[in-house]
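In what follows, a structure is listed as structure tokens, so that the remarks can point back to it.
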Amino acid sequence: MLRITLQTRGYLQQVFPDKKDTVVVEVERPEAVRALIARLNIHPDLVMVVLSGDGQRRDLDYVPGDGEVVTILPPISGG
Amino acid sequence: MLYGYAGKILRVNLTTGNIKAEPLSEEMARDYIGGRGFAANILYREIPAGTDPLSPANKVVVAAGPLSGLFLPGSGKITFASKSPATGGYGDSNMGGHMASELKYAGYDAIIIEGAAQKPSYLYIDDDHVEIRDASKYWGKGAMISERMILDDLGEDFRVATIGPAGENLVKYACVSHDFGRQSGRTGIAAVLGSKKVKAIAIRGTQTIPVPDPEKMFEVGGRMYEICFAKPGFKEWTPDGTAGVTDWVNQIGAFPTKNFWTGYFEEHKNINGQSLSSRIKVLDKGCFGCPIPCGKYAKVDMGGQSVNVEGPEYETIALLGGNLMLDSIEKVAYANYVCDELGLDTISAGNVIAFAMECLEKGVITREQVGQELRWGSIDDAVKMMHAIANRKGIGDVLAEGVRYAAEKFGGGSEKYAIHVKGLEWSGYEARYAPSMMLAYITCDLGGHHNRAWAITHDVATGRDSLVGKADKVIELQHVRPMFDNLGACRLQWVEIGFELDHYIELIETATGYHYSWEDLMKVSERVWNLTRSFSLREIGDFGRKYDYPPARFMEEPMPTGPAKGKYIPRKQIDTLLDEYYDKRGWNREGKPKRETLDSLKLGFVADELASLGRL
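From first to last, the protein sequence lines are chains A and B.
Take the first sequence: its letters are residues 1 to 79, numbered as in my numbering.
Take the second sequence: its letters are residues 80 to 695, numbered as in my numbering.
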């Protein structure tokens, strides 16, 4: 079993389980972030930025490893 | 003592030369909080019904809030407000930088500017020493150049807001400029200042803002900064600023392109946040008290010049980039610089020029009428037209009035291409596939503006084809987001990095000693929303539902390309959205607040006046 921590802020937090800023997702085999958020019923268009555990910018096709903390950020709301 | 407030409102009458400081009443502070709330109250009560926006009887209110100037995240926002020359209704626009804090330190929560000067003037405010000074040497100069000149003359410890040639020439979408690139951009407040011959406002303040317990203020404020710094992905916000959202908006098919012909711009990667930060950005630039500086100071070589510009931020990228089809961040930044110096709102300027381009393309107007080339994607043509507008030369004199007026003038069915609501040009989100965002735009009290209710993520989350529940969300946002303009604080801490709303309850109490719940604050927001709606009802004879529709393009033309291809919102669905919205607001189906709604918000005096005019 792999344990991936997803953390967020702002609008995305409103659609996270219990509106918390962090959720741990357990999966049997590696999955892309796109699939992980689908498990949470989060629309992929709500994610603007994906940061892997080492702080690098990734995209929704990034596949995190066991124990990794992935940050997903919502779109910026204009200017 | 009113903690958190300076406690005085400065009134300057340019006609008589009278200057006086009036006490801020506790009732005003509690019922309207500050900033936009103060402005709405003052303008409604003091401007005679039917006033010409560019006449001496109109007034400009410049107002900070109870959080402005204090040690807490994002306490640098100020509101400029007036009867709008662009719409004829209520107008305001908030601005960052350092004017809000300086105004409070000078001892004032707000300035009321009334009457009109005989010659170019500027307001000189040095604590209690206030003068109306001669501005002849600055008149005709660019907005940023004149800011530089005034700082050279007065000293770097002043904070200065200016207008450019567009404001002097009464362009209906002229903006107020400050801090070399911050603007009070929307609704044409600079044209009102121009009509009063006010070139600038210069402020220096050396006083303190009273709070109940200064040590606690530092403790709480410091803790709030730490909360901001600890937010997930905090550092990711800074590099690109608001420009960082460009690709996302394009990805969902909402990026204004070719006068809102479509919502997808093929060249978006050449004008996005990454191109800004990697190619032209020099440094990040923040406002007073800001932990997340969204300003991007950039340098670009173009047009035989090497220019510095703050930006472009997202709205400018959308309206000067995609909407004019300028295909590089360098071109957008240069166009941004030209608008900033001329004192033109980039959102409206991008709309107006794109409208003219489409009219020319479709044969509504001729090359001879335009008097120059006006081609999609041409920076030279766009810049030339910006100068024509700001100086009201040739067709620029028509375009200086905005797209609504220009469409009436041009005829030929061109109103379909005039992308505005209530006379204010539409900002950076194409909403044919975003019903909440559409409702937010058409019901915005200013006109076609996004910042009262940025609801597009709600559309994505709840279904972009569904109309269900959209009105509730839009109303909620129309109450939460403008509250920041009352508080004199920046909403980006909340909306961008997730700084929780509940923290503001503690901040307000620490600053003012007064406890509000968010329910209390929402009631204030609802009061102000109904007041600004009533202001427009009073000022515009036939105001109401018919002013709440989007341009025909969004109701009749399916999106031709991109992820939203085929989408539009027919008029029948717009009616459904409006009906639900009016019902939930306690307005009748003509979009007019009911008496009981106004009475419940302590706006009985408004109901009485509207009833006497037959407009309730």
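For every residue, glycine included, the Cβ atom is placed at its ideal position computed from N, Cα and C.
All values derive from a computational prediction rather than experimental measurement.
- Around the beta-carbon of Leu12/A, 16 or more other beta-carbon atoms lie within 10 Å, marking it buried.
- Taking a Cβ-Cβ cut-off of 7 angstroms, the neighbours of Thr536/B in chain A comprise Tyr11, Leu46, Pro74 and Pro75, given in sequence order.
- By alpha-carbon distance to Lys156/B, the top candidate from Cys366/B, Cys254/B, Lys295/B and Asn351/B is Cys366/B.
- In terms of Cβ geometry, Lys183/B and Ser215/B do not form a close pair [threshold 8 angstroms].
- Note: Gly374/B is bridge-paired with Lys364/B in the DSSP secondary-structure output.
- Taking 8 angstroms as the threshold, the shortest C-beta distance from Val500/B to chain A does not fall below it.
- What Ala540/B touches in chain A, judged by beta-carbon distance under 7 angstroms, is Val15, His43 and Leu46, going in chain order.
- Within chain B, Pro311 have C-beta atoms less than 7 angstroms from the C-beta of Gln7/A, given in sequence order.
- Below 8 angstroms, too few C-beta pairs join the segment 604 to 619 of chain B and the segment 315 to 322 of chain B to call them touching: fewer than three.
- Taking 8 angstroms as the CB threshold, Asp21/A lines the interface with chain B.
- Taking Met178/B as the centre and dropping the five residues before and after it, the same chain places the C-beta of Ile157, Arg238, Ala240 and His257 closer than 6 angstroms to its C-beta, in chain order.
- DSSP lists no beta-bridge partner residue for Ala540/B.
- Approximately 4 angstroms separates the beta-carbon atoms of Gly332/B and Gly342/B; this is inside 8 angstroms, confirming the contact.
- Taking every protein chain shown into account, the CB of Phe308/B has fewer than 16 other CB atoms within 10 angstroms, so this residue is exposed.
- Closer than 8 angstroms to the CB of Leu51/A there is at least one CB belonging to chain B.
- Contact residues of the segment 312 to 331 of chain B toward chain A are Gly312, Phe313, Lys314, Glu315, Trp316, Asp319, Gly320, Thr321, Ala322, Gly323, Val324, Asp326, Trp327, Val328, Gln330 and Ile331 (C-beta to C-beta distance below 9 angstroms).
- Between Pro145/B and Leu566/B, the CB-CB gap stays under 8 angstroms.
- Closest in C-alpha terms to Lys310/B, from the list Met1/A, Leu2/A and Arg9/A, comes Arg9/A.
- By the rule that beta-carbons nearer than 8 angstroms mark a contact, Glu305/B does not touch chain A.
- The beta carbon of Trp597/B sits no closer than 8 angstroms to any beta carbon of chain A.
- Remark: C-beta atoms of Gly401/B and Phe489/B do not approach each other more closely than 8 angstroms.
- Taken in chain order, the complete beta strand (DSSP E) segments of 3 residues or longer contained in the segment 28 to 64 of chain A are 49 to 51.
- Beta-carbon to beta-carbon, Ala185/B and Phe117/B are separated by about 16 angstroms, too far to satisfy the 8 angstroms threshold.
- The beta carbon of Cys438/B is closer than 7 angstroms to those of Ile444, Phe489, Ser493 and Tyr496 in its chain, skipping five residues each way along the sequence.
- For His594/B, the secondary structure class from DSSP, reduced to helix, strand or coil, is coil.
- Per the DSSP secondary-structure output, Leu89/B pairs in a beta bridge with Ala100/B and Ile190/B.
- Taking a cut-off of 8 angstroms for Cβ pairs, the segment 268 to 285 of chain B and the segment 127 to 145 of chain B touch, as three or more such pairs fall below it.
- In terms of beta-carbon proximity, Val255/B stays away from the interface with chain A, with every pair separated by 8 angstroms or more.
- Closer than 8 angstroms to the CB of Ile576/B there is at least one CB belonging to chain A.
- Taking a beta-carbon distance threshold of 8 angstroms, Trp533/B counts as an interface residue toward chain A.
- Residues Val477 and Leu478 of the same chain have their beta carbon placed closer than 6 angstroms to that of Ala485/B, with the five preceding and five following residues left out of the count.
- By the criterion of at least three beta-carbon pairs nearer than 8 angstroms, the segment 448 to 467 of chain B is not in contact with the segment 504 to 517 of chain B.
- In this structure, Lys646/B is the residue among Lys646/B, Gly620/B and Arg483/B with its C-alpha nearest to the C-alpha of Asp544/B.
- In the DSSP assignment, Tyr201/B falls within the beta strand (DSSP E) that extends over Ser200 to Asp205.
- When the Cα atoms are used, Arg454/B and Ala467/B turn out to be separated by approximately 15 angstroms.
- Taking the Cα positions, Gly312/B is about 10 angstroms away from Glu575/B.
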